[in-house]
Amino acid sequence: MAVPMPAIQALMGESTVFPGATAHTDYTKPSVATILSGLYPSETGALPRPAPVDKDVVLVMERLEKAGVETVGFMSNYFFNPAFGLRRGWTVQSFVDPWVAAVDDKVVLDAFDEWAKAGVPEGPVFVYVHLMGAHAPYAPPKDIEDIFLGGEDLLKRIVPLETSNLVTDLTVGKAKRLNQGETDQLRALYRGDAAFHDRIVERLIGSLEASGLAKRALLVYTADHGEEFYENGHVGHGTGLWHHQVHVPLFVRVPGAGGRVSTTTAGHVDIVPTILEALGQPVPDGLPGRSLLGIAAAAPEIDRGLLLQQWMGRWGIVVGEWKLVRREDEETLSRIHGAVEEILEAGQNPVLARYLAARIEWARRDGLAAEAA
Numbered sequence: 081m082a083v084p085m086p087a088i089q090a091l092m093g094e095s096t097v098f099p100g101a102t103a104h105t106d107y108t109k110p111s112v113a114t115i116l117s118g119l120y121p122s123e124t125g126a127l128p129r130p131a132p133v134d135k136d137v138v139l140v141m142e143r144l145e146k147a148g149v150e151t152v153g154f155m156s157n158y159f160f161n162p163a164f165g166l167r168r169g170w171t172v173q174s175f176v177d178p179w180v181a182a183v184d185d186k187v188v189l190d191a192f193d194e195w196a197k198a199g200v201p202e203g204p205v206f207v208y209v210h211l212m213g214a215h216a217p218y219a220p221p222k223d224i225e226d227i228f229l230g231g232e233d234l235l236k237r238i239v240p241l242e243t244s245n246l247v248t249d250l251t252v253g254k255a256k257r258l259n260q261g262e263t264d265q266l267r268a269l270y271r272g273d274a275a276f277h278d279r280i281v282e283r284l285i286g287s288l289e290a291s292g293l294a295k296r297a298l299l300v301y302t303a304d305h306g307e308e309f310y311e312n313g314h315v316g317h318g319t320g321l322w323h324h325q326v327h328v329p330l331f332v333r334v335p336g337a338g339g340r341v342s343t344t345t346a347g348h349v350d351i352v353p354t355i356l357e358a359l360g361q362p363v364p365d366g367l368p369g370r371s372l373l374g375i376a377a378a379a380p381e382i383d384r385g386l387l388l389q390q391w392m393g394r395w396g397i398v399v400g401e402w403k404l405v406r407r408e409d410e411e412t413l414s415r416i417h418g419a420v421e422e423i424l425e426a427g428q429n430p431v432l433a434r435y436l437a438a439r440i441e442w443a444r445r446d447g448l449a450a451e452a453a
């Protein structure tokens, strides 16, 4: 069953859409660190599981606040705990219980509405809204759940408010692999949660319109990672750089500009340059990304490559429809067709594999040289 997402579809129709967009890693903390710094995950220091963002990494909120721009953050994820370093530079910040938000992001929007009713600044402002859906525990409202389950009763192990623990146990090997029926039901709940997320986005757009921000604000929509349901042997995310875990929506709405599609490879490193350009701020040297506005205005590029990095030592690169992922002597070359990742057999295209491997090493060397400078 297709997921009905009319609010997001309408927003996409008014935006520049990057259908080949990628996150640069596979779980929230380092991915958000990239979104808010413009650096690759390894450059932020936040790539390893317990590590915070390095203290010398400048987040976009800090840049903007120093320039006199009000920065407002509405946060709902565990990794926004101050210990992880993502709470620096906010003029105003709101943090709600992530377990409450994971069931209903209404609590995040309530906080946004309270702030907006107090008076949105007339001058430049940067607003960040982090929603928890669609995400484990995959607990959409009952009316949506019934639609996506087709009236079936849930199987014993598929309990909506406990699926976070189930996914964790599956990831670390504490739970037996799901059978096909259980996998189908878990995926159905996730898809239902995505449909519920669309309702939340509809309300958020309404709040932006009521506050006056919709008429004057550039809007960037993305996700910090994707989700897998055994497409490559795992459930959830944080287990690899597979397409289902790193392929993300990314689109930019400029009021009055209309919709279009850009086929140039784009990713999270491009978000900070986009924000800085929109607010009339200089883009510092050393950031690996480029403004999405500039990418959209230029002719499509077929050879732009963006790095992928994973906390277990995997490195990868995406160049158009091609992707290579490496870890020590392990190498996987694949081709992306929309939502499908076709894994090529070893040795099937050795010239392409060597070229992409060289691109990874060039990028890694350039990054290390920049850090040492």
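The opening position of the sequence shown corresponds to residue 81 in this note's numbering, with each subsequent residue numbered one higher. Glycine included, C-beta positions come from ideal geometry on N, C-alpha and C.
Alpha carbon of residue i to alpha carbon of residue j, nearest angstrom
{"i": "Asp184", "j": "Gly213", "result": "8 Å"}
{"i": "Phe164", "j": "Leu367", "result": "21 Å"}
{"i": "Glu307", "j": "Val83", "result": "15 Å"}
{"i": "Val332", "j": "Leu266", "result": "31 Å"}
{"i": "Trp391", "j": "Leu127", "result": "6 Å"}
{"i": "Gly93", "j": "Arg237", "result": "39 Å"}
{"i": "Ala181", "j": "Ala377", "result": "37 Å"}
{"i": "Gly148", "j": "Gly125", "result": "27 Å"}
{"i": "Leu91", "j": "Gly427", "result": "42 Å"}
{"i": "Val68", "j": "Ala101", "result": "Lying outside 81 to 453, the shown extent of the chain, residue 68 is not represented and no answer is given."}
{"i": "Trp395", "j": "Leu388", "result": "6 Å"}
{"i": "Trp322", "j": "Glu421", "result": "8 Å"}
{"i": "Trp195", "j": "Ile416", "result": "42 Å"}
{"i": "Leu246", "j": "Pro220", "result": "17 Å"}
{"i": "Val172", "j": "Val207", "result": "9 Å"}
{"i": "Arg445", "j": "Pro121", "result": "15 Å"}
Residue range of the unbroken alpha helix (DSSP H) whose run includes residue i
{"i": "Leu246", "result": "Thr243 to Val252"}
{"i": "His277", "result": "Gln260 to Ser291"}
{"i": "Pro178", "result": "Pro178 to Val183"}
Three-way DSSP call (helix, strand, coil) for residue i in this model
{"i": "Ile416", "result": "strand"}
{"i": "Arg143", "result": "helix"}
{"i": "Met85", "result": "coil"}
{"i": "Ser95", "result": "coil"}
{"i": "Val172", "result": "strand"}
{"i": "Val200", "result": "coil"}
{"i": "Lys222", "result": "helix"}
{"i": "Trp322", "result": "coil"}
{"i": "Val405", "result": "strand"}
{"i": "Gly239", "result": "With the sequence shown as reference, residue 239 is identified as Val, and Gly is not the correct amino acid for it. Of the three classes helix, strand and coil, the one that applies to Val239 here is coil, per DSSP."}
{"i": "Glu421", "result": "strand"}
{"i": "Ala443", "result": "helix"}
{"i": "Glu381", "result": "coil"}
{"i": "Glu232", "result": "coil"}
{"i": "Leu189", "result": "helix"}
Endpoints, the beta strand (DSSP E) within which residue i is located
{"i": "Phe206", "result": "Val205 to Val209"}
{"i": "Trp391", "result": "Element bounds for Trp391: n/a, residue is neither H nor E."}
{"i": "Val300", "result": "Leu299 to Thr302"}
Cut-off 7 Å between Cβ atoms - residues of its own chain near residue i, not counting five sequence neighbours on either side
{"i": "Val112", "result": "Phe159, Leu166 and Asp304"}
{"i": "Tyr310", "result": "Thr263"}
{"i": "Gly169", "result": "Leu139, Met141, Glu142, Glu145 and Thr151"}
{"i": "Arg129", "result": "Trp391"}
Cβ shell of residue i (< 8 Å), same chain only, five flanking positions each side left out
{"i": "Ala437", "result": "Leu404, Arg406 and Glu411"}
{"i": "Lys135", "result": "Gly165"}
{"i": "Ile440", "result": "Leu387, Trp395, Gly396, Ile397, Leu404 and Arg406"}
{"i": "Thr319", "result": "Asp106, Thr251, Glu308 and Gln325"}
Contact set for residue i: own chain, Cβ-Cβ below 6 Å, skip 5 residues either direction
{"i": "Phe154", "result": "Ser174, Val188, Ala191, Phe192 and Val209"}
{"i": "Asp278", "result": "Met85, Ala87 and Ile88"}
{"i": "Arg473", "result": "This structure cannot settle anything about residue 473, because the visible part of the chain is limited to 81 through 453."}
{"i": "Ala443", "result": "Leu387"}
{"i": "Ile227", "result": "none"}
4 or more residues per run - each alpha helix (DSSP H) lying fully within the stretch 329 to 373
351 to 358
Entirely enclosed beta strand (DSSP E) segments - the stretch 105 to 162, minimum 3 residues
150 to 155
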